[in-house]
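Just so we're aligned, residue 99 is where the sequence shown starts under our numbering, counting upward by one. We put the beta carbon where it would ideally sit given N, CA and C, even for glycine.
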Amino acid sequence: MGKPAVPVTNQTYLVEESSAVTAKGMPGIRIVWDSLHSEELVDNMDGPEEVEAGIDPLLDNIIDALTRPLTEEERSPKPKEQEKPPRLFFRGTLQEVNHFFYRRGWGDGLPIIPPTEEAVKEMLTGTDMSPEHLVTTLGPLRGKATVEKIAVNAVMAGALPTHLPAIIAGTEALSEKATRWDNYQDSQGSWVPFWILSGPAGRDIHVNSGIGPLSPGDIANAAIGRAMSLIVKNIGGVRKGVEDAGSFGNPGKYTMVIAENEEASPWESFHVEHGFSQEDSTISVLFPNVFNWTFPWVPGADAFADSMARAVRGPGMYIFVLPPGSADILAEAGYTKQKLKEYIRDHYPAPVPGGDAGNRPRMSFAPDPDHITILVSGGPAGIYVASGAWIQWQEYVTKKLPLPKDWDKLVNKYKNLVPVYAKY
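Structure, rendered in structure tokens:
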């Protein structure tokens, strides 16, 4: 239309904003930055003069950006051309390889497994897809997630070939609009991809669904999540301090993978809930950023349900992870998953945070049962709660694992790779 678009951003996020607009085909966009305080600090400032001192020059810069004639680049913006990256060969010690990758921003701060041709070839035994097959394109930098690139990052993360189907399906899940990945992965809110495996393949590859599934110590839980984190960074282009604007970050970005304990659950399997057959194996993703552990202070099913309702702080997406024993108590008392979700909706006690701030209107919205997940997993006590994803129209995205034809043979090769602790 011949009119410039002028985004306004805080100077802290100037690099992130520049990367975002370039990736979307607007390299010449006129970004105006400010140094104003964030809105939650405005009420504590000395007076309107302190605010106006920053607003006046900001308005001048906005007016200038809106009225300057367009340059030729601005008249005909083009997306940045994607160059085919060269294949790199590096020879050195394990430490030298790690330093080489780290200096180029390809790691996550922990040592990586060098993705040699032999290691990548072995990883590719976990799929029947060709290495060149394009699984999806990942934003914000529109990186092409081929099977080979996914396998490279899986090797770097220390994954096994048996983990590759989950990693491929997880990569495909991230590209679904319903996840709102573009909102969460590079947000100030430091959201975390929370991965749920359901179905027989999770048991085949020893994804922990017992004591401490979110703790270190299980190669499947650790490596699948770490591989996804590296894929997000190296293929999608979400780099800390460039595209990732998380104010504080989140340790869950290293890995947050859990499996459903279907065998101990009194209810329908998670993946069957989402329209898959009992024989299928799936991986699902959601983006929480708040985590809590709660416990009923008195015995009984109603006390369990009440403690879950008290853990809710307004609308959003909630994952309640229940130990098998707690799930049995609830089921025996007549609670189905749906009844439990409706109880949480009807009995949650709190308004959304911020309702008492200044003269702002007080808001209170009940959580939607469709945005609540009940999962059976973990140890013998307590209730684990993951919440966030305040954008109400986010959905769980669940993908079926593309298992290779010789899956049973592959599983048998690695079936004994489990920790055996010394007895003291």
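- Are Tyr352 and Ser327 close, meaning C-beta to C-beta below 8 Å? yes
- Query: Under the DSSP definition of a beta bridge, which residues are partnered with Asn319?
  - Reply: BP columns for Asn319 are empty, so no partner.
- Starting from the Cα of Gly241, find the closest Cα among Thr392, Asn332, Val290, Leu295 and give me that residue. Asn332
- Given 8 Å as the limit, is there contact between the region 413 to 422 and the region 472 to 480, that is, 3 or more CB pairs closer than that? Below 8 Å, enough C-beta pairs join the region 413 to 422 and the region 472 to 480 to call them touching: three or more.
- Determine the burial state of Glu170: buried for a count of at least 16 other Cβ atoms within 10 Å of its Cβ, exposed for fewer. exposed
- For Lys101, three-class secondary structure by DSSP: Correct three-state label for Lys101: coil.
- Query: Pick from Ala399, Phe199, Ala243: whose alpha carbon is nearest that of Pro212?
  - Reply: Of the listed residues, the one whose Cα sits closest to Pro212 is Phe199.
- Message: Please give the ranges of any beta strand (DSSP E) in the region 380 to 426, keeping only runs that are unbroken, at least 3 residues long and fully inside the region.
- Response: 380 to 384, 388 to 392, 415 to 420
- Item | Pro259 to Glu377 span [Cα, whole Å] | 21 Å
- Item | For Ser296, the residue or residues it bridges with in DSSP | Thr380
- Item | Element boundaries [beta strand (DSSP E), containing Thr269] | First-last for Thr269: 262 to 272, but that is the alpha helix (DSSP H), not the beta strand (DSSP E).
- Message: Helix, strand or coil for Ile472? Go by DSSP, reduced to three states.
- Response: strand
- Item | Same chain only: Cβ atoms within 8 Å of Met354, ignoring 5 sequence neighbours per side | Val290, Pro291, Phe292, Trp293, Leu312, Gly323
- Message: So, at 7 Å on beta carbons, what are the nonlocal neighbours of Ala455 in its own chain, with the 5 sequence-adjacent residues on each side left out?
- Response: Bear in mind that a pLDDT of 46 at Ala455, under 50, signals an unreliable position, so the number given afterwards is only what the model happens to contain. So the list is empty, once near-sequence residues are dropped.
- Query: The alpha helix (DSSP H) spanning Ile309 covers which residue range?
  - Reply: From DSSP, Ile309 is part of no alpha helix (DSSP H); its letter is neither H nor E.
- Message: By the DSSP assignment, the alpha helix (DSSP H) with Lys439 in it spans what residues?
- Response: 435 to 445
- Can you tell me whether DSSP reads Tyr352 as helix, strand or coil? coil
- Message: Please state the DSSP three-state secondary structure of Ile160.
- Response: helix
- Message: Please confirm whether Lys219 has its beta-carbon closer than 8 Å to some beta-carbon of chain B.
- Response: Considering every chain present, this structure includes no chain B. It has just one protein chain.
- Query: Between Ala484 and Pro386, which are expected to be in contact by the criterion C-beta below 8 Å, what is the C-beta distance as a whole number of angstroms?
  - Reply: 4 Å
- Which class does Gly237 belong to by DSSP, given the choice of helix, strand or coil? coil
- State buried or exposed for Asn457, treating a residue as buried only when at least 16 other CB atoms are found within 10 Å of its CB. Bear in mind that the predicted position of Asn457 carries a pLDDT of just 48, short of 50, making it unreliable; the figure below should be weighed with that in mind. Asn457 should be labelled exposed.
- Task: Pick helix, strand or coil for Thr169, following the three-state DSSP scheme.
- Result: coil
- Inter-residue spacing [alpha-carbon to alpha-carbon] between Leu192 and Asn510: Rounded to the nearest angstrom, the two C-alpha atoms are 29 Å apart.
- Starting from Tyr200, follow the alpha helix (DSSP H) in both directions and report where the run begins and ends. 192 to 201
- Item | Residues of its chain near Pro459, where Cβ-Cβ distance is below 7 Å and the 5 sequence neighbours each way are ignored | For Pro459, the predicted model reports a pLDDT of 44, less than 50, meaning its position is unreliable and no value from the coordinates is stated.
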